[in-house]
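Numbering (our numbering), first residue to last: 25 to 573. Data block below; observations after.
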Amino acid sequence: MSLFHGLHFNNLRGDVFGGLTAAIVALPLALAFGVASGAGPVAGLYGAIFVGFVAALFGGTPAQVSGPTGPMTVIAAGILAQYAHDPAMAFTVFVMAGALMVLFGVLRLGQYIRLVPYPVISGFMSGIGCIIVIIQLGPLIGHTGQGGNPLVALERLPGQLMAVSFAALALGLITLLIVYLTPPRINRIVPAPLVALFACTLTGALVLTGSPTIGEIPTGLPTPQLPRFELGALPGMLNSALTLAALGAIDSLLTSLVADNITRTRHESNRELVGQGVGNMVAGLMGGLPGAGATMRTVVNVRAGGRTPLSGMFHALVLLAIVLGLGGLAEYIPHAVLAGILLKVGTDIIDWSYFRRLRQAPRGEALLMFTVLALTVLVDLITAVAVGVVMASLQFVQKMSVLQQRSIVGVRVGRDAEAAGFGPEEQRLIEESEGKIVVFRMSGPMSFGAAQSMSRSLSITENFQVMVLDLSQVPYVDGSAAMAIEEIVDHVHRCGADVFLVGLQPAVGRLLNRQGLLRKLGSRHRYRYLLSALRRARQQVGQPVPEGG
25 MSLFHGLHFN NLRGDVFGGL TAAIVALPLA LAFGVASGAG PVAGLYGAIF VGFVAALFGG
85 TPAQVSGPTG PMTVIAAGIL AQYAHDPAMA FTVFVMAGAL MVLFGVLRLG QYIRLVPYPV
145 ISGFMSGIGC IIVIIQLGPL IGHTGQGGNP LVALERLPGQ LMAVSFAALA LGLITLLIVY
205 LTPPRINRIV PAPLVALFAC TLTGALVLTG SPTIGEIPTG LPTPQLPRFE LGALPGMLNS
265 ALTLAALGAI DSLLTSLVAD NITRTRHESN RELVGQGVGN MVAGLMGGLP GAGATMRTVV
325 NVRAGGRTPL SGMFHALVLL AIVLGLGGLA EYIPHAVLAG ILLKVGTDII DWSYFRRLRQ
385 APRGEALLMF TVLALTVLVD LITAVAVGVV MASLQFVQKM SVLQQRSIVG VRVGRDAEAA
445 GFGPEEQRLI EESEGKIVVF RMSGPMSFGA AQSMSRSLSI TENFQVMVLD LSQVPYVDGS
505 AAMAIEEIVD HVHRCGADVF LVGLQPAVGR LLNRQGLLRK LGSRHRYRYL LSALRRARQQ
565 VGQPVPEGG
């Protein structure tokens with residue numbers, strides 16, 4: 025396996041143009057995310073540079089462009105606010121999050137992260153979009169220092185509305201008009217956020233003066249900073265890092281799927297997690313914001329010709345050149361302009377397509393999505409995703425248990441056996457037993473969700489002498505289903521009847537053996553074929569099998 029996935033120089037021209045185009049798109053977003061996080065615009069630029077370069081070099085999605093994103097910025101803003109007394113600890117959390125992402129990749133968790141149900145992803149993405157919109161309302165009307173807490177931002181909003189900066193509001197509204205109304209054909213040539221950034225900054229400097237600006241930003245290369253830990257704060261730091269790492273992993277792999285779709289390639293999810301993790305570790309050490317795969321920048325890169333990691337690396341180098349050469353000009357950018365750009369980002373993150381399909385969506389899935397959305401805004405992301413995954417799992421288990429219960433077929437008379445597809449001799453043996461033999465056939469995996477239903481279905485049968493459990497079509501049972509089978513066997517024995525097991529597949533047999541059930545029954549009560557079990561049952565209930573039958 026090569027160290028650098030997909031790296032070659034056969035598409036150099038396309039990669040250079042793709043990287044340049046992606047950098048033009050990334051510039052206003054990096055500045056806006058930096059300001060929104062509370063770490064300053066240069067932190068957004070450093071994040072775009074270091075995450076963008078390193079994740080492209082070591083990642084598993086060749087055409088992906090990485091950097092600060094809206095979802096990552098929301099969490100980063102909360103972490104920076106939490107450790108406002110010592111920002112070095114916040115950047116240490118970013119490094120820890122990167123290390124956790126590397127661990128996710130090493131443990132090959134990428135395949136599991138992609139299994140998060142769509143309503144959960146839709147809910148937390150829409151929730152993050154709502155958070156971005158809420159916390160940018162203050163800067164849009166001339167107020168700064170919002171932090172990352174949407175509830176605090178909403179609490180402050182009534183007072184802020186009493187002191188509106190009309191210059192800031194005008195600049196913000198002009199920005200919104202540009203980013204929303206720029207025709208697609210122009211947007212493809214010059215990205216609307218970049219047009220808004222330059223046009224509205226110039227307007228703010230010459231016409232609508234007095235709007236708060238982002239102020240002077242440092243130029244030149246950053247100085248690496250050592251991680252800073254406090255033993256008492258370590259649990260909280262780990263929790264924040266886990267939140268950031270989980271979001272970064274999901275955000276990146278979703279963008280990887282988009283890149284796969286438009287390039288007709290297949291990414292390596294675990295390698296992508298390692299690349300993103302290393303990139304975030306470097307960014308944290310250099311004072312940059314954490315980042316992830318960025319969908320819009322990736323799509324722009326691919327459409328402009330980018331196909332290999334060189335495009336993402338070149339995008340980072342272009343941003344570095346801007347920081348080194350033009351960083352001093354950024355101090356004139358109004359906060360309201362960046363707020364307008366971020367409001368567009370926030371509304372784009374909201375999953376409007378799911379809202380449009382709500383009438384057709386299953387009620388349980390809609391409830392799940394709204395629950396995750398509300399928890400994302402009102403509590404935190406990890407709680408939202410955890411609750412969402414648990415709810416989705418319970419919904420799935422409930423549906424599966426219904427299907428599994430329907431798969432249990434009980435047969436006691438010949439006509440039932442015929443309807444269940446039993447063979448002629450099997451039907452005859454059951455019919456001639458006069459109800460003393462009852463057969464239960466199960467099919468498909470049996471999980472804990474079906475255990476109680478299965479136990480109730482099988483235990484209500486009375487007045488028989490032999491119960492035959494046909495498990496030949498059951499490839500898997502979990503521990504709870506195995507315990508339910510054991511409880512059924514014990515119940516039948518207490519009633520003075522006997523139990524035969526038929527067609528145990530290897531995995532099922534191993535589990536029942538570890539549980540001790542097979543030793544309890546003995547080899548005489550296990551059969552490979554249903555017909556053999558029925559013949560033995562006939563003999564046991566006092567109905568001898570006729571010769572030749």
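For every residue, glycine included, the Cβ atom is placed at its ideal position computed from N, Cα and C. None of these values were measured; they are calculated from a predicted model.
- Sequence-distant Cβ neighbours of residue 306 in its own chain, meaning closer than 7 Å and more than five residues away, are 74 and 78.
- Annotation for residue 524: the continuous beta strand (DSSP E) segment containing it runs 522-526.
- Between residue 295 and residue 29, the C-beta spacing is below 8 Å.
- DSSP places residue 496 in the uninterrupted beta strand (DSSP E) bounded by 490-497.
- Residue 225 and residue 325 have their alpha carbons spaced roughly 26 Å apart.
- Collapsing the DSSP output to three states places residue 386 in coil.
- Between the alpha carbons of residue 492 and residue 448 lies a gap of roughly 17 Å.
- Here DSSP, grouped into helix, strand and coil, assigns residue 141 to coil.
- The alpha carbon of residue 511 has as its nearest neighbour, out of 279, 500, 544 and 80, the alpha carbon of 544.
- Put simply, of 158, 110, 199 and 192 the residue whose alpha carbon is nearest the alpha carbon of residue 182 is 158.
- If you ignore the 5 residues before and after residue 462, its C-beta comes within less than 6 Å of the C-beta of 436, 485, 488 and 491, all in its own chain and listed in chain order.
- For residue 132, DSSP assigns no beta-bridge partner whatsoever.
- For secondary structure counted as the alpha helix (DSSP H) over 4 or more consecutive residues, the segment 160-221 holds these complete runs in sequence order: 174-185, 190-205 and 208-213.
- Distance between residue 119 and residue 251, taken at the CA atoms: about 8 Å.
- Looking at the DSSP output, residue 467 bridges to 497.
- Here residue 220 is near residue 202, since their CB atoms are less than 8 Å apart.
- Proximity to residue 146 across 400, 291 and 264 peaks at 400, based on C-alpha coordinates.
- According to DSSP, residue 237 shares a beta bridge with 358.
- Put simply, of 189, 419, 389 and 529 the residue whose alpha carbon is nearest the alpha carbon of residue 498 is 529.
- Counted as a single uninterrupted DSSP element, the beta strand (DSSP E) harbouring residue 434 occupies residues 433-435.
- C-alpha of residue 342 to C-alpha of residue 43: approximately 8 Å in a straight line.
- Contact check for residue 264 against residue 103 passes: the beta carbons are separated by less than 8 Å.
- In this structure the segment 400-413 does not touch the segment 421-434; the number of beta carbon pairs closer than 8 Å is below three.
- Boundaries of the alpha helix (DSSP H) harbouring residue 278: 258-287, taken from the DSSP string.
- Here the C-alpha atom of residue 347 lies approximately 18 Å from the C-alpha atom of residue 217.
- If only uninterrupted alpha helix (DSSP H) runs of at least 4 residues are considered, those enclosed by the segment 35-100 are 36-61 and 65-82.
- At a Cβ-Cβ threshold of 8 Å, residue 39 and residue 332 count as neighbours.
- Between the alpha carbons of residue 180 and residue 329 lies a distance of about 45 Å.
- The beta-carbon separation of residue 70 and residue 310, rounded to 5 Å, stays under the 8 Å limit for a contact.
- Under the three-state reduction of DSSP output, residue 373 falls in the helix class.
- Our two residues, residue 244 and residue 67, have alpha carbons roughly 13 Å apart in a direct line.
- An exposed status is given to residue 247, since fewer than 16 other beta-carbon atoms sit within 10 Å of its beta-carbon.
- At a cut-off of 4 residues, the continuous stretches assigned as alpha helix (DSSP H) that sit fully inside the segment 301-359 are 319-327 and 333-350.
- Between residue 405 and residue 148, the C-beta spacing is below 8 Å.
- Contact between residue 301 and residue 126 holds, since their C-beta atoms are separated by about 3 Å, short of 8 Å.
- Contact annotation: the segment 362-374 touches the segment 197-212, with at least three C-beta pairs closer than 8 Å.
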